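J.: One structure is given below, represented as structure tokens, and several questions about it will come after.
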Amino acid sequence: MATALVIENDPTDDARRLGEWLTEAGLELWVVRPHAGDELPDDLEGYAALVVLGGDQQAYPFPDGSPGAQWFPAVEGLLRKAVRYRVPTLAVCLGAQLLATAHAGLVERSPSGPEIGPGVVGRRDAAENDPLFRYVPLIPDVLQWHADEITELPRGATLLAASTRYPHQAFRLGDRAWGLQFHIECDAAMIADWATDSTQLAELGYDPELVVAACASVLADVEEVWQPFAARFAALALGELDDSTTRRGLPLLGH
């Protein structure tokens, strides 16, 4: 069975539903938790895919130059190797921001303020030629929970989804690495944990119970779109997805 390396950056944001969808589609998951002291591998030898999850940390350095977490330079190194060697990669929220910073993109505290709760994003025209996004609806449901923003995509990145306040919602690097600013992995329990004693919700004046209920109400719609998306990603990692019709038009990085 093919194995995906899953990097869990925060104990409150595990693979959850995304992990279930990937395993149902035939991938075995090897979860590494650097926040708990697990060591990251030096390379991706033996892995069919890379998944980088979200977290409460920041993708950009602190004022003193130290990284948002001590293992982030190693994660960025793996993300660069994944793009260079065409290892199928899926990076979610903080993971997407690290995918961007690993390739000279820019992530900053968003001047638009935090984006929290259920929402929609708009699929861009470039998604028509993307092996995963071409099957995503024009305006898919997503869950948001972030205060930082990818303000500049890496050079050569293809924008796949956008929204009014946050224009860089989903992108692809090379032909096999995808970054999603939004969350697709959450279940109701995860959202409820995030809403407990949330400083962001308090600052926005949001009622935590209403936020949790609103998110729970769209979970079925999120699954309807993103479970097939995850299955297509798994098929790509397993060598079962025929993307030959789209590869000719996709830019390759690192070659």
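Residue numbers for the sequence shown follow the UniProt record's numbering, so the first one is 1 and each next one is one higher. By construction, the Cβ of each residue, glycine as well, lies at the ideal position given by its N, Cα and C atoms. Note that the coordinates shown come from a computational prediction; the quantities given were computed from them, not determined experimentally.
#1: So which of A15, K81 and A25 has the shortest CA-CA distance to C186?
#2: What is the DSSP secondary structure of L180, counted as helix, strand or coil?
#3: Take the Cβ of M1 as the centre, count every other Cβ of all protein chains shown within 10 Å, and call the residue buried at 16 or more, exposed below.
#4: Is the beta carbon of Q169 less than 8 Å from the beta carbon of V121?
#5: With DSSP collapsed to three states, give me the class of W71.
#6: With H, G and I counted as helix, E and B as strand and the rest as coil, what does DSSP make of I116?
#7: What do you get for H255, buried or exposed, if any count of 16 or more other CB atoms within 10 angstroms of its CB means buried?
#8: Going by C-alpha distance, which of D42, I116, V6 and G37 is nearest L29?
#9: Classify F62 as helix, strand or coil using the three-state DSSP reduction.
#10: With a threshold of 16 other CB atoms inside 10 Å of the CB of T158, please say whether the residue is buried or exposed.
#11: Based on the DSSP output, what are the partners of L50 in its beta bridges?
#12: Tell me whether A195, by its Cβ, gets closer than 7 Å to a heavy atom of the ligand PLP.
#13: List the endpoints of the continuous alpha helix (DSSP H) containing F229.
#14: Whose C-alpha, out of A202, A237, G119 and R165, is nearest the C-alpha of P111?
#15: So, using beta-carbon positions, are Y47 and T3 closer together than 8 Å?
#16: Using the three-state DSSP reduction, which class does V83 fall into: helix, strand or coil?
#17: Should the region 136–153 be regarded as contacting the region 176–183, the criterion being three or more beta carbon pairs within less than 8 Å?
#18: Return the CA-CA distance between P208 and A195, expressed in angstroms with no decimal places.
#19: Assuming P137 contacts L241 under a Cβ cut-off of 8 Å, what Cβ separation, rounded to an integer in Å, is found between them?
#20: When the Cβ atoms of the region 149–156 are set against those of the region 69–80, are three or more pairs found closer than 8 Å?
#21: Provide the residue span of the beta strand (DSSP E) that contains A162, from first to last.
#22: Measure the alpha-carbon distance for T246 versus N129 and round it to whole angstroms.
#23: Along the chain, where does the alpha helix (DSSP H) containing D193 start, and where does it finish?
#24: Pick helix, strand or coil for V211, following the three-state DSSP scheme.
#25: Assuming L99 and L78 make a contact with CB atoms under 8 Å, what is their CB distance in whole Å?
#26: Which of helix, strand or coil does DSSP assign to R17?
#27: Secondary structure at D125, three-state DSSP: helix, strand or coil?
T.: Concretely, from the data shown:
#1: A15
#2: strand
#3: exposed
#4: yes
#5: coil
#6: strand
#7: Caution is warranted here: a pLDDT of 35 is assigned to H255, below 50, making its placement in the model unreliable, and the coordinate value is therefore given only provisionally. When all chains shown are included, H255 counts as exposed.
#8: V6
#9: coil
#10: buried
#11: L5 and T89
#12: Of the ligands one can find in the structure shown there are none, so the ligand PLP has no counterpart to examine.
#13: L219 to A237
#14: R165
#15: yes
#16: helix
#17: yes
#18: 5 Å
#19: Not really, about 19 Å apart at Cβ, beyond 8 Å.
#20: no
#21: T158 to A162
#22: With a pLDDT of 46 at T246, under the threshold of 50, the modelled position of this residue cannot be trusted, and the question is left open.
#23: A188 to A195
#24: helix
#25: Not quite, the Cβ-Cβ distance comes to about 10 Å (not below 8 Å), so this is no contact.
#26: helix
#27: helix
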